[in-house]
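Enquirer: Submitted below is the structure of interest, expressed as structure tokens.
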Amino acid sequence: MNKLKELQAKLQKAVETMKAMKVAVADATEKEVEADIEIAQKAYDTAHAEVKSISDELTEAIKEAEEQKNVDLLLAKAADFKKVVIPDEAALAGKKVDDVKVFDNTSQEKHEHLQGEAFFNFMKNGERNMKDQELNILTPKSAAIRDIGNKQGGGFQAVIPHSLLRRMLPGMPFGGKALPMASTDNDAAGGRANLVWPDYGNQILQLPFDEPSLYMRVNKKTTVGGSLVETKLEQDDSNEFGGIAVEWTDEKSDAPDTEIDFERVTINCYPLKAYTSFTKTLLMRSRLPFENELVSKLRAALIAKFDQAIMSGSGVAQPLGITVMAGIRTVGRQTNLQVVYDDLINLEHEVKAAHRNGAGFIMADLVLKYLKKQKDTNGDPLFSNSVGSGPYDRLDNHPYFISHNCSALGTVGDIIFGNLMNYWFVLEEEVAIARSEHAEFKKGAIAYRVDGLAGGQPMFERAFSILVGQGS
Numbered sequence: 059m060n061k062l063k064e065l066q067a068k069l070q071k072a073v074e075t076m077k078a079m080k081v082a083v084a085d086a087t088e089k090e091v092e093a094d095i096e097i098a099q100k101a102y103d104t105a106h107a108e109v110k111s112i113s114d115e116l117t118e119a120i121k122e123a124e125e126q127k128n129v130d131l132l133l134a135k136a137a138d139f140k141k142v143v144i145p146d147e148a149a150l151a152g153k154k155v156d157d158v159k160v161f162d163n164t165s166q167e168k169h170e171h172l173q174g175e176a177f178f179n180f181m182k183n184g185e186r187n188m189k190d191q192e193l194n195i196l197t198p199k200s201a202a203i204r205d206i207g208n209k210q211g212g213g214f215q216a217v218i219p220h221s222l223l224r225r226m227l228p229g230m231p232f233g234g235k236a237l238p239m240a241s242t243d244n245d246a247a248g249g250r251a252n253l254v255w256p257d258y259g260n261q262i263l264q265l266p267f268d269e270p271s272l273y274m275r276v277n278k279k280t281t282v283g284g285s286l287v288e289t290k291l292e293q294d295d296s297n298e299f300g301g302i303a304v305e306w307t308d309e310k311s312d313a314p315d316t317e318i319d320f321e322r323v324t325i326n327c328y329p330l331k332a333y334t335s336f337t338k339t340l341l342m343r344s345r346l347p348f349e350n351e352l353v354s355k356l357r358a359a360l361i362a363k364f365d366q367a368i369m370s371g372s373g374v375a376q377p378l379g380i381t382v383m384a385g386i387r388t389v390g391r392q393t394n395l396q397v398v399y400d401d402l403i404n405l406e407h408e409v410k411a412a413h414r415n416g417a418g419f420i421m422a423d424l425v426l427k428y429l430k431k432q433k434d435t436n437g438d439p440l441f442s443n444s445v446g447s448g449p450y451d452r453l454d455n456h457p458y459f460i461s462h463n464c465s466a467l468g469t470v471g472d473i474i475f476g477n478l479m480n481y482w483f484v485l486e487e488e489v490a491i492a493r494s495e496h497a498e499f500k501k502g503a504i505a506y507r508v509d510g511l512a513g514g515q516p517m518f519e520r521a522f523s524i525l526v527g528q529g530s
């Protein structure tokens, strides 16, 4: 760097000398003194040659400096892959953060750590007190997410870190990371792909917010750009092979003329908003209580909204539900306003045997209560446990669980049969949050609005059957 400065000063001085000699040549020419013209011209030529020489030397020095800078950047990047900071583990170990070494190839974890620190700073202090680097790392890259914020009157939107989203919405593959085994061992069996940060946060005490969740059982995908497009084979009960036909023929007959039929399935994501607030007292504390409060408040509300849409969403500006999707198999109930054992059998066998793998019953709580009261001809409960088999956990040889999103007993969709992995739920890779100190000013709190995009639909509608009709 000193060499570059020296050459720069030397070149500037030589250029000034050359300009002075050029003026001298002009003066001598104007006076028409031959001897003076020759002397001035020689001095100018000498100065011009010196400028060219210094320029060439400076060009070469700049080239060498750029090459060295590239080498330094590569070395720094390589060092990042060997050493990264995990603040939670560092605190537990009682070591300085800079001295903590973890898994190789961990640039993603370093990014998430920096993003997490910036996010907490934003939630606590707002964007006005943040550095440009922090603002850049929190700015949404998704145009669809930014568009939601613009329609709400602007204001800075901060991306919620994937480390928080994976805790908030378990099973959703944000960032493409695998979930966890609490370990800091570089040589843990299975390698780093099987590891995720241990969660040391104290959980807030609360009752369960719902029965087993539908969202937790569906096929979860993330996307970028507001929609997910998949190619799907066109199938029906008469041809499961997408139009391919195979026939026995004699020696000279032609093979059947068939083509494979595919379709493009597009699952659109629709704006989803949430609103909450935090007291300034909470935000004055450490990150862990704040993160647990954020996860606790949003997880229950989001999953409850997702469950409702998975079951009965209209498909208009929201996901398409199982009971609304066209093509879902339907079974008429045996008896008006009831669910009887024959209905369970009919629901099971309405779905083709090849599609029943992993399937089970989803029912309203009143349906289960009604079934438990069913008795045989001797007056004994039809579904009874025993010393040998223990409490019954299956109906008609299939697992079951209740959901308050099922319809009331005796109405369409009060009981459903199928494997929920055949329902695809899609969430935009980025979820953003906007902040306001004005909405909750009188309460000493700060208000936050969460902006996301979500969608979903049964990908294979023939893999579900629902009970319909009023019966006889």
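Taking our numbering, the leading residue of the sequence shown gets 59, the next gets one more, and so forth.
Ideal Cβ positions, reconstructed from N, Cα and C, are used throughout, including at glycine.
In angstroms, rounded to a whole number, what distance separates the CA positions of K68 and A86?
Expert: 27 Å
Enquirer: Grab me the residues of D472's own chain with a C-beta within less than 7 Å of its C-beta, minus the 5 sequence neighbours each way, in chain order.
Expert: If we look at D472 and ignore the five residues flanking it on each side, its Cβ neighbours are V397, M421, A422, V425, C464, S465, A466 and L525.
Enquirer: Taking the DSSP output, what are the residues bridged to W482?
Expert: N277 and Q515
Enquirer: Roughly how many angstroms lie between the CA atoms of K291 and H413, to the nearest whole one?
Expert: Correcting the residue type first, residue 291 is Leu in the shown sequence and not Lys. Straight-line Cα distance between these residues: approximately 15 Å.
Enquirer: Decide if K310 is buried, meaning its Cβ has at least 16 other Cβ atoms within 10 Å, or exposed.
Expert: exposed
Enquirer: Pull up the distance between the alpha-carbon of S296 and that of D315, whole angstroms please.
Expert: Using only the alpha carbons, I get a separation of about 17 Å.
Enquirer: Indicate whether F364 and Y273 have their beta-carbon atoms separated by less than 7 Å.
Expert: yes
Enquirer: Give me the residue from H171, A82, P329 and D438 with the minimum Cα distance to I95.
Expert: Selected option, being the one with the closest Cα: A82.
Enquirer: For A247, count neighbouring Cβ atoms within 10 angstroms of its own Cβ and tell me buried if that reaches 16, exposed if not.
Expert: Bear in mind that the predicted position of A247 carries a pLDDT of just 45, short of 50, making it unreliable; the figure below should be weighed with that in mind. Result: exposed.
Enquirer: Starting from L525, trace the beta strand (DSSP E) in both directions and tell me its first and last residue.
Expert: DSSP places L525 inside the beta strand (DSSP E), whose first and last residues are F522 to V526.
Enquirer: Do you know offhand how far T381's Cα is from Q366's?
Expert: Distance between the alpha carbons of T381 and Q366: 11 Å.
Enquirer: Less than 8 Å between the CB atoms is what I'm expecting for G284 and A202, so what's the real figure, rounded?
Expert: 4 Å
Enquirer: Hey, V353 and L172 are a contact pair by Cβ (cut 8 Å); roughly how many whole angstroms apart?
Expert: In fact, because the Cβ distance is near 20 Å, the residues do not count as touching under 8 Å.
Enquirer: Taking only the alpha-carbon atoms, compute the straight-line gap between K116 and L65 and give it to the nearest angstrom.
Expert: Per the sequence shown, the amino acid found at residue 116 is Leu instead of Lys. Approximately 6 Å between the Cα atoms of the pair.
Enquirer: If you count every other CB in all the chains shown that lies within 10 Å of the CB of D509, and 16 or more means buried, which is it?
Expert: buried
Enquirer: Return the Cβ separation of F348 and F459 in integer angstroms, given the expectation that the two are a contact with Cβ distance under 8 Å.
Expert: The Cβ separation is near 33 Å, so there is no contact.
Enquirer: Would you say the region 483-490 touches the region 516-524, given that touching needs at least three Cβ pairs under 8 Å?
Expert: Result no; under three Cβ-Cβ pairs closer than 8 Å.
Enquirer: DSSP three-state call for M79: helix, strand or coil?
Expert: helix
Enquirer: Taking the beta strand (DSSP E) that M31 falls in, what are its first and last residues?
Expert: Missing from the structure shown is residue 31; the chain here goes from 59 to 530 and no further.
Enquirer: Taking 7 Å as the threshold (C-beta atoms), are A417 and N350 in contact?
Expert: no
Enquirer: Per DSSP, K433 is paired with what?
Expert: P439
Enquirer: How about L340 and A512: do their beta carbons lie closer than 7 Å?
Expert: No.
Enquirer: Under 7 Å Cβ to Cβ from R322, same chain only, skipping five residues before and after it: list those, please.
Expert: Listed in chain order, the non-local C-beta contacts of R322 below 7 Å within the same chain comprise V287 and T289, local neighbours out to five positions each way being set aside.
Enquirer: Flag this pair as yes or no: are the beta carbons of I218 and F336 separated by less than 7 Å?
Expert: no
Enquirer: My output table needs one value for N463: the three-state DSSP class, helix, strand or coil.
Expert: Residue state, collapsed to three classes: coil.
Enquirer: How is Q70 classed by DSSP in three states: helix, strand or coil?
Expert: helix
Enquirer: Who are the Cβ neighbours of K338 in its own chain at under 6 Å, not counting the five residues just before and after it?
Expert: G502
Enquirer: Could you say which of M369, R387 and E167 lies nearest to H220 if we only look at CA atoms?
Expert: E167
Enquirer: Can you say whether P457 is buried or exposed, counting buried as having 16 or more other CB atoms within 10 angstroms of its CB?
Expert: exposed
Enquirer: I'd like the list of long-range same chain contacts for A359, defined as Cβ closer than 7 Å, with 5 residues on each side in sequence excluded.
Expert: Non-local beta-carbon contacts of A359 in its own chain, meaning distances under 7 Å to residues more than five positions away in sequence, involve A332 in chain order.
Enquirer: What did DSSP end up calling F299 once you bin it into helix, strand or coil?
Expert: coil
Enquirer: Given a cut-off of 7 Å, decide if M76 and A105 are closer than it, judged by their beta-carbon atoms.
Expert: yes
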